[in-house]
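**Student:** Protein chains in written order, with the working numbering: chain A, 501 to 714; chain B, 236 to 542. C-beta: ideal position from N, C-alpha, C; glycine also. If you scroll down you'll find the structure; I have some questions about it.
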Amino acid sequence: MYVRFDVVKKLGDFALEAAGELGEGLTCMVGPNGSGKTTLLKILAGLLRPDRGWVEHVGVKAKVYVGELHVPPDAAAVEVALAGRSRFSPTPVRREDVEAARRYMRLLEVEDLAERRWRTLSGGQRQRVVIAAALAAEADLLLLDEPLANLHGDWRGRVMKTLADYATGRIVVVTTHHGDVLKCCRALIALREGRVAWRGDPQQYAEPLDATCG
Amino acid sequence: MRRLLLLIIPLLFSAAVLLGPAGVDPHIIETVRLPRALGAVVGGVLLGVSGLLLQTTLRNPLADPYVLGVSGVAVLAALGSYLLWRLWGLPYLGFLLGALLGAAAATAALLLLARRAGMLVVLMAGILLSYAASSALQLTLLALPPEELGYIYVGLQGSFAAYPAGVWGYVIAAAALVLVLFVYFNSRHVAALLHGEEAAAGLGVDVKKAVIYVVGAASAGVGVAVASVGPVGFVGLLAPHMARWVAGRQRADMVLLETAGLGAALALAADLATRLLLPRELPVNVVLSLVGAPAAGWLLWRYVRKI
């Protein structure tokens, strides 16, 4: 199972021109704001059509992209996790869907929040519920846009470890700004101004990612 | 709650059929009260479910076919089409087709607007649409000879008394049931639209299909309701909120049956109140607005407090 791509997409002044290959396991995609990470993920998910080029999914049966979800403030957390089960059937969610949603909530340690309303959850708790929703989709290609947003130090590492374990037998791609978690990734793609600046083994990626002090 | 509804609806239905100034008169029951009670059930279910669909896809807690002008445009188009089809001697078929078409056009327009504008803009546009349709309706009525005005006027006001007696009544009820089943068997995809169209697409939902289903089902619901009982207000707003409140869930697929049941119960109760509690019968919208307007105000207040 793999995904190969060679695409060009123009959005106003910005142009994405990227080519590469994704294999099984966890791939991290890094790059400054506006370097084209989200655009590339959406193209790989089939949500955006490239102006030129192609995306080839080999052996991929289901692909899921999770970025921002609108959630009504009164929704229970488990209802958000259930969103991940949308692709399985058009009929109302069943007991097995609720069980799967809760199973992935447990994995991210938010199962005890299942009945809590969305407006009462912190940013980090919401983020973990959204990740649980993404995992509950059980897709073989999972594209996660900024899953570490709102998560603090310790949790970033734990979520990445969970994603790395989940990625056995699947292709999982995450975008991130956090250099401290790249150890978890099997492969790394660095984008800069719409182009692939570097790709390969994250251990050999030397460029400082989080030069936040000036 | 589902079990409680299974108890409440038959109770309200029996009350609607058995109670009245004429007592238990089989003739009155068959020709007047039974069709009217059936009309309340069918209208309540259709408007409740349509309201739920609109609230979910517009991501707008105040969406309601009546408030957003969908019912208003449907009535206007129905009357226009009635006048046209009268020329071929099929005015009531024209009325139904017009109602369906009008509801579909208004629903599609609101959904398109919602992609570009915020919730309050969509709401204002819907209210303006409803005013415009109402004025145009009054002007169109001038084209109707006064002797024909009487019957159709009841329907244009919104009244469960306008529901057809006999076989047509049962045909419409069957159509409503089919519609609810159609929505039920597609409700998981509709529920995903709550998170936004792009998010739903990312989660593997065929959004184009889901939106077409929603526009089709909501406008069929409003169209059939308008063609049979006229523009009845606020059931579409209140029933989904009551359902979410009793079920403790927001997802459309988890509150659909409760919404349908509470829509029927609300319509039956409102109609009983207009018939039995008031010294003289008034349009059912009077009672529904009495409950609905403050409820809408409260929802708006909750929304405004958050921004």
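Exposed or buried, what is Q373 (chain B) when buried is set at 16 or more other beta-carbons lying within 10 Å of its beta-carbon?
**Tutor:** exposed
**Student:** Using a Cβ-Cβ distance under 9 Å, would H677 (chain A) count as near chain B?
**Tutor:** Among the CB atoms of chain B, none fall inside 9 Å of the CB of H677 (chain A).
**Student:** Using a Cβ-Cβ distance cut-off of 9 Å, determine whether Y666 (chain A) contacts chain B.
**Tutor:** For Y666 (chain A), the answer is no, since every Cβ of chain B falls outside 9 Å of its Cβ.
**Student:** For the 8 Å Cβ check, are there 3 or more pairs between the segment 655 to 675 of chain A and the segment 637 to 647 of chain A?
**Tutor:** yes
**Student:** Drop a sphere of 10 angstroms on the beta-carbon of R510 (chain B), count the other beta-carbons inside from all chains shown, and report buried for 16 or more, exposed for fewer.
**Tutor:** Label assigned to R510 (chain B): buried.
**Student:** What residue from A:F514, A:D506, A:G523, A:E517 has the CA that sits closest to A664 (chain A)'s CA?
**Tutor:** A:G523
**Student:** Quick one: is F514 (chain A) buried, meaning 16 or more other Cβ sit within 10 Å of its Cβ, or exposed?
**Tutor:** F514 (chain A) should be labelled exposed.
**Student:** Roughly how many angstroms separate the alpha carbons of E521 (chain A) and S422 (chain B), rounded to a whole number?
**Tutor:** 37 Å
**Student:** So which of A:G679, A:G536, A:V593, A:W655 has the shortest CA-CA distance to V425 (chain B)?
**Tutor:** A:V593
**Student:** Check whether the Cβ atoms of R628 (chain A) and E599 (chain A) sit closer than 9 Å, and answer yes or no.
**Tutor:** no
**Student:** Among B:V310, B:W480, B:L428, which residue has its Cα nearest to the Cα of Y366 (chain B)?
**Tutor:** B:V310
**Student:** For R484 (chain B), which residues in chain A fall below 7 Å Cβ to Cβ?
**Tutor:** A576, E579
**Student:** I need the boundaries of the beta strand (DSSP E) containing A690 (chain A), first residue and last residue.
**Tutor:** 687 to 692
**Student:** Is V508 (chain A) helix, strand or coil by DSSP?
**Tutor:** Shown here, V508 (chain A) sits in a strand according to DSSP, grouped into three states.
**Student:** Measuring CA to CA, which of A:L613, A:R699, A:L582 is closest to R595 (chain A)?
**Tutor:** Just measuring C-alpha positions, the residue of A:L613, A:R699, A:L582 sitting nearest R595 (chain A) is A:L582.
**Student:** Measure from the alpha carbon of L540 (chain A) to the alpha carbon of each residue in A:R504, A:G559, A:D597, then state which is nearest.
**Tutor:** Distances from the alpha-carbon of L540 (chain A) to those of A:R504, A:G559, A:D597 put A:R504 closest.
**Student:** Among the candidates B:I264, B:Q485, B:V526, B:L517, whose CA atom is the shortest distance from the CA of S394 (chain B)?
**Tutor:** B:L517
**Student:** With a floor of 3 residues, list each beta strand (DSSP E) that falls wholly inside the segment 414 to 438 of chain B, ordered by position along the chain.
**Tutor:** none
**Student:** Indicate the three-state DSSP secondary structure (helix, strand or coil) for R537 (chain B) in the structure shown.
**Tutor:** Here R537 (chain B) sits in helix by DSSP.
**Student:** Expressed to the nearest angstrom, what Euclidean distance is found between the alpha-carbon atoms of E556 (chain A) and L682 (chain A)?
**Tutor:** 26 Å
**Student:** If the cut-off is 8 Å on Cβ atoms, which residues from the segment 488 to 499 of chain B count as contacting chain A, listed in chain order?
**Tutor:** D488, M489, L491
**Student:** Flag this pair as yes or no: are the beta carbons of L648 (chain A) and V659 (chain A) separated by less than 9 Å?
**Tutor:** yes
**Student:** On the CB-based measure, 16 or more other CB atoms within 10 Å of its CB, does E432 (chain B) come out buried or exposed?
**Tutor:** buried
**Student:** Taking the Cβ atom as the reference point for each residue, do D299 (chain B) and G468 (chain B) lie within a distance shorter than 9 Å?
**Tutor:** yes
**Student:** Applying the 10 Å Cβ sphere with the 16-neighbour rule, what's the burial state of D506 (chain B)?
**Tutor:** buried
**Student:** Could you tell me the boundaries of the beta strand (DSSP E) in which K683 (chain A) lies?
**Tutor:** No residue range can be given for K683 (chain A), since it is assigned to no beta strand (DSSP E) and is classified by DSSP as neither H nor E.
**Student:** Should G278 (chain B) and V470 (chain B) be called a contact, given that it needs their Cβ atoms to be closer than 9 Å?
**Tutor:** Yes; because the gap between Cβ atoms is below 9 Å, this pair is in contact.
**Student:** Would you tell me roughly how many angstroms separate the C-alpha atoms of S524 (chain B) and P514 (chain B), rounded to the nearest one?
**Tutor:** 18 Å
**Student:** Taking contact to mean at least 3 C-beta pairs separated by less than 8 Å, is the segment 350 to 357 of chain B in contact with the segment 471 to 487 of chain B?
**Tutor:** no
**Student:** Measuring alpha carbon to alpha carbon, tell me which residue in B:H262, B:L242, B:T292, B:A341 is nearest K444 (chain B).
**Tutor:** B:T292
**Student:** Which residue spans inside the segment 628 to 671 of chain A form an unbroken beta strand (DSSP E) run of at least 3?
**Tutor:** 641 to 644
**Student:** Got a sec: does the ligand NAD put a non-hydrogen atom nearer than 8 Å to the Cβ of R504 (chain A)?
**Tutor:** This structure simply doesn't include the ligand NAD, nor any ligand for that matter.
**Student:** Please give me, in chain order, every unbroken run of the alpha helix (DSSP H) with length at least 4 that falls completely inside the segment 506 to 577 of chain A.
**Tutor:** 537 to 545
**Student:** Say whether chain A places a C-beta atom closer than 9 Å to the C-beta of V450 (chain B).
**Tutor:** Not one chain A Cβ lies under 9 Å of V450 (chain B).
**Student:** Return the first residue and the last residue of the beta strand (DSSP E) that A697 (chain A) is part of.
**Tutor:** 695 to 700
**Student:** Here's a check: name, in chain order, each residue in its chain whose Cβ is nearer than 6 Å to the Cβ of A460 (chain B), leaving out the five neighbours to either side.
**Tutor:** By the criterion of a C-beta distance shorter than 6 Å, A460 (chain B) is surrounded in its chain by G278, L281, L282, once the five residues flanking it on both sides are discounted.
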